[in-house]
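Colleague: Okay, handing you the structure first.
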Amino acid sequence: MMTVPALRVSDLTKDFGGLKAVDQVSFQIAEGELVGLIGPNGCGKTTTFNCISGMLGMTSGRIKVLGQDASGMRPDQIQGLGLTRTFQHTWLWREMTVIENLLVPPRQQFAPNALFALLRPGSRRAEQQRVIDAYSVLDLLEVSHIAHNLASELSGGQSKLIDIGRALMSSPRFLLLDEPVAGVAGPLAEKIFQNLRALTSDKGIGMLIIEHNMDFILRRDVDRIIVMDAGRILMEGTPDEIKQSRDVVDAYLGNPGQMEE
Ligand SMILES: Nc1ncnc2c1ncn2[C@@H]1O[C@H](COP(=O)(O)OP(=O)(O)OP(=O)(O)O)[C@@H](O)[C@H]1O
Ligand SMILES: [Mg+2]
6 MMTVPALRVS DLTKDFGGLK AVDQVSFQIA EGELVGLIGP NGCGKTTTFN
56 CISGMLGMTS GRIKVLGQDA SGMRPDQIQG LGLTRTFQHT WLWREMTVIE
106 NLLVPPRQQF APNALFALLR PGSRRAEQQR VIDAYSVLDL LEVSHIAHNL
156 ASELSGGQSK LIDIGRALMS SPRFLLLDEP VAGVAGPLAE KIFQNLRALT
206 SDKGIGMLII EHNMDFILRR DVDRIIVMDA GRILMEGTPD EIKQSRDVVD
256 AYLGNPGQME E
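Here it is, written out as structure tokens:
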């Protein structure tokens, strides 16, 4: 029996005036699969995420989330299909605690009718359930001890974890994570990755993770890596296949330090 991919992107193209930021990009990711998306600065990784999540209109192409056509939908509608994203630059409500941050719906994926939902009968129970969910997300990410810290007191790595936690609050079936460990010190970056791997295996969440450090991602337990260059997919394969590919090494020659073996 054929299974439906969690995410299918077909011929995605995004032009900014004369610039083809994303050019005929196609790939699919299964439920529970953990896939890395890498490529040099400005090659179109974030723009790909912006188009998939509905934050930017695409020039052409099709997006399917769990078999449902998401092309042209609003971000909150796409989140309703089960796809949630995080942003390259983490943004938390600094004067709120960690747990309060989890209870605020994510920026830009806020459904227009979410406020009205709180006025419905039974909303109090729903609210209590959300608080319980928030604590279990912190537990899952092993950061329950900072639940009542102010976001302004967190380290960069802790903020990244809370951002992932906020994405998990929508019970996603698929996560797009834009550089979830950028600027995070080695051991915590490793721990974040282990947590993400556990989420794909235990909960079957599919994930596409942008990572700018090729050396780092090649050493992680990912199922596949997609390499972009100048808006196009240069190569797709297992970490071992990517390591052996001459094309990929060449694409990185202009970026010394990103391919250290
Ligand atoms: N809103 C926009 N308007 C015009 N050009 C844009 C816009 N967003 C991105 N671009 C351009 O599109 C190209 C791809 O940018 P994008 O942010 O997707 O790259 P990236 O691979 O995420 O890079 P980085 O590794 O630096 O985050 C770049 O040339 C960028 O300047
Ligand atoms: Mg980017």
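Numbering (our numbering) for the sequence shown: 6 to 266. Heads up, the beta-carbon is just placed ideally off N, CA and C, and yes, glycines get one too. Computed from a predicted structure; not experimentally measured.
Might you give, ordered along the chain, the residues of its own chain that have their beta carbon closer than 7 Å to the beta carbon of Met174, omitting 5 neighbours on each side?
Modeller: Only Leu107, Asp138, Ala139, Val142 meet the Cβ criterion.
Colleague: May I ask whether a heavy atom of ligand 1 can be found less than 8 Å away from the beta carbon of Pro177?
Modeller: Not so, every heavy atom of ligand 1 lies at least 8 Å from the Cβ.
Colleague: Do Leu71 and Ala11 have their C-beta atoms closer together than 9 Å?
Modeller: It is a contact, given that the beta carbons lie within the stated cut-off.
Colleague: Whole alpha helix (DSSP H) runs in the stretch 217-249 with 4 or more residues, listed along the chain?
Modeller: Segments of the alpha helix (DSSP H) lying fully in the stretch 217-249: 219-223, 244-249.
Colleague: Cys48 and Gly236 - do their beta-carbons sit closer together than 9 Å?
Modeller: Cβ distance < 9 Å, so Gly236 and Cys48 count as in contact.
Colleague: Following a CB-centred definition, is Glu216 positioned closer than 8 Å to any heavy atom of ligand 4?
Modeller: Here the bound small molecules are ligand 1 and ligand 2; ligand 4 is not part of this structure.
Colleague: Give a yes or no on contact between the stretch 147-164 and the stretch 8-23, applying the rule of three or more CB pairs nearer than 8 Å.
Modeller: In short, these stretches do not touch, since the Cβ pair count stays below three.
Colleague: Give the DSSP bridge partners of Lys69, in chain order.
Modeller: In the DSSP output, where bridge partners are listed per residue, Lys69 has Arg13, Asp74.
Colleague: Which residue's Cα is closest to the Cα of Leu146: Ser250, Val27, Glu184, Gln199?
Modeller: Of the listed residues, the one whose Cα sits closest to Leu146 is Gln199.
Colleague: Output the distance between the C-alpha atoms of Ala190 and Ser250, rounded to the nearest integer angstrom.
Modeller: When rounded, the distance between both Cα atoms is 29 Å.
Colleague: For Thr243, count neighbouring C-beta atoms within 10 Å of its own C-beta (all shown protein chains included) and say buried if the count is 16 or more, exposed if not.
Modeller: Exposed, because fewer than 16 other Cβ atoms sit within 10 Å of the Cβ of Thr243.
Colleague: Just tell me which of Gln84, Met233, Arg224 has its CA closest to the CA of Val27.
Modeller: Per the Cα distances, Met233.
Colleague: In chain order, what residues of the same chain have a beta carbon less than 6 Å from the beta carbon of Gly59, not counting five sequence neighbours either side?
Modeller: Result list for Gly59: Met78, Arg79, Pro80, Ile83, in chain order.
Colleague: Helix or strand or just coil, what does DSSP make of Ser31?
Modeller: It is a strand residue.
Colleague: Can you tell which of Asp228, Gln133, Leu193, Arg13 has its C-alpha closest to the C-alpha of Leu39?
Modeller: Ranking Asp228, Gln133, Leu193, Arg13 by Cα distance to Leu39 puts Asp228 first.
Colleague: For Lys69 and Met212, I'd like the C-alpha separation in whole angstroms.
Modeller: Cα-Cα distance, rounded: 15 Å.
Colleague: Under a three-way DSSP split, which group does Met264 fall into?
Modeller: In this prediction, Met264 has a pLDDT of 48, which is less than 50 and means its spatial position is unreliable; what the coordinates show is noted afterwards. Coil at Met264, not helix or strand.
Colleague: In angstroms with no decimal places, state the Cα-to-Cα distance between Lys50 and Ile230.
Modeller: Rounded to the nearest angstrom, the two C-alpha atoms are 13 Å apart.
Colleague: Given that a residue counts as buried once 16 or more other Cβ atoms are within 10 Å of its Cβ, and exposed if not, what is Glu266?
Modeller: Model confidence at Glu266 stands at a pLDDT of 42, short of 50, so the residue's coordinates are unreliable and nothing is read from them.
Colleague: Closest by CA to Leu180, which one among Leu155, Asn218, Ser128, Ala35?
Modeller: Minimum Cα distance to Leu180 is reached at Ala35.
Colleague: Which residues in the same chain have their Cβ closer than 8 Å to the Cβ of Leu30, if we skip the five residues on either side of it in sequence?
Modeller: The sequence shown places Val at residue 30, rather than the Leu named in the question. Cβ within range, chain order: Val14, Asp16, Leu17, Thr18, Gly49, Thr53, Gly66, Met233, Gly236, Arg237, Ile238.
Colleague: Please state whether DSSP places Ile210 in a helix, a strand or coil.
Modeller: Three-state result, Ile210: coil.
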